[in-house]
Amino acid sequence: MRKNKSFLRLLSIFIGLGLVYVTFLQVKISQYCNLKSPRNADYLIVLGARVNGVEPSLVLASRINAAAKYLKENKKTVVIASGGMGPGEDISEAEAIKKELVKQGINESRILLEDHSTNTYENIKFSKKLISPKSKSIVVVTSTFHLYRAISLAHYQGLSVDGLPAKTPWLAVFKSYSREYLAITKFYLERYLLGFS
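Position 147, counted from 1, in the sequence shown is what our numbering calls 154; the numbers after and before it change by one each time, with no gaps.
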């Protein structure tokens, strides 16, 4: 009987700590959901997300739409479409971004491709190589759930960026946020405990 009570007590503590941690993560994510982007940025980096064959997923389409709106309002900004090709994708995420931006009236001459990255860290690392050292303003476009980690990774790599949040489609909310909690935890572990480089 005592063993059962001790187990339940430990389980309750564990669940309580888990809820506190998830709440902490959600607060951090929420702080980045309504960021205002500076006008006339030198570069706009659109972070990739899943492509279904050749069609952008709902999450990626939302990012593309946010980027297209910004680019139409800021004519001199150059955009970097970032993302490689993963399983089930017939074209790279970067190519899908470019294709959809062109459909929405963005001139190809304004679009640079970064099509080798496989995760957010590489999105930033490889996109950084395409940015002029003279650049003064860089904006990262990604989903609301992803912006906190994306900006944190950029700053960690010495790249000063602002954020442009793209709405997270309702159908993708549960899956996206659940995965993001794990991804942020992995980032914390690598950065603070394992000497992330």
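Note that the Cβ used here is the ideal one computed from N, Cα and C, for glycine as well.
Quick one: what's got a C-beta closer than 6 Å to Lys174's C-beta in the same chain, skipping five residues either side? Result list for Lys174: Ser69, in chain order.
Using only alpha-carbon positions, find the residue among Leu18, Lys83, Ile98, Ile104 that is nearest to Tyr50. Ranking Leu18, Lys83, Ile98, Ile104 by Cα distance to Tyr50 puts Lys83 first.
Exposed or buried, which one is Ile1 when buried takes at least 16 other CB atoms within 10 Å? The first residue shown for the chain is 8 and the last is 204, placing residue 1 beyond what the model contains.
Just to check my reading of the structure: Gly165 and Ser124 have Cβ atoms closer than 8 Å, yes? What is that Cβ distance to the nearest angstrom? With 8 Å as the limit, Gly165 and Ser124 do not qualify as a contact, their Cβ atoms being about 17 Å apart.
Rounded to whole angstroms, what's the CA-CA distance from Ala101 to Lys12? Just pull it up for me. Cα-Cα distance, rounded: 54 Å.
Helix, strand or coil: which one does DSSP assign to Ser204? Because Ser204 carries a pLDDT of 49, less than 50, the predicted location of this residue cannot be relied on, and the following value inherits that uncertainty. DSSP, reduced to helix, strand and coil, places Ser204 outside both helices and strands of the structure shown, so it counts as coil.
Among Tyr163, Asn72, Phe181, which residue has its Cα nearest to the Cα of Tyr195? The residue from Tyr163, Asn72, Phe181 with its alpha-carbon nearest to that of Tyr195 is Tyr163.
Please list the terminal residues of the continuous alpha helix (DSSP H) segment that includes Ser99. It is not in any alpha helix (DSSP H) - Ser99 carries neither H nor E in the DSSP assignment.
Under a three-way DSSP split, which group does Glu145 fall into? Here residue 145 turns out to be Ile, not Glu, going by the sequence shown. Secondary structure of Ile145 (DSSP, three-state): strand.
Provide the residue span of the alpha helix (DSSP H) that contains Ile113, from first to last. Unbroken run through Ile113: none, as it is neither H nor E.
According to DSSP, simplified to helix, strand and coil, what is Val168? Note: Val168 maps to coil in three-state DSSP.
Where Gly60 falls: helix, strand or coil (DSSP): Under the three-state reduction of DSSP, Gly60 is assigned to strand.
Return yes when the Cβ of Leu42 is within less than 8 Å of the Cβ of Thr127, no when it is not. Taking 8 Å as the Cβ cut-off, Thr127 and Leu42 do not qualify as a contacting pair.
Give every residue of the same chain whose Cβ lies closer than 8 Å to the Cβ of Ser144, excluding the five residues on either side of it in the sequence, and list them in chain order. Excluding positions up to five away in sequence, the list reads Pro45, Asn47, Ala48, Asp49, Tyr50, Asp169.
Cα-Cα separation, Leu65 to Ala190: Computed Cα separation, rounded: 20 Å.
Which residue's Cα is closest to the Cα of Phe152: Cys40, Val27, Arg57, Pro140? Nearest C-alpha to Phe152: Cys40.
DSSP three-state assignment for Ile104, whether helix, strand or coil: In the structure shown, the three-state DSSP call for Ile104 is helix.
Tell whether a beta-carbon distance below 8 Å holds between Ala88 and Ile104. Closer than 8 Å, so yes.
Those residues which DSSP pairs with Leu17 across a bridge: In DSSP, Leu17 forms no bridge with anything.
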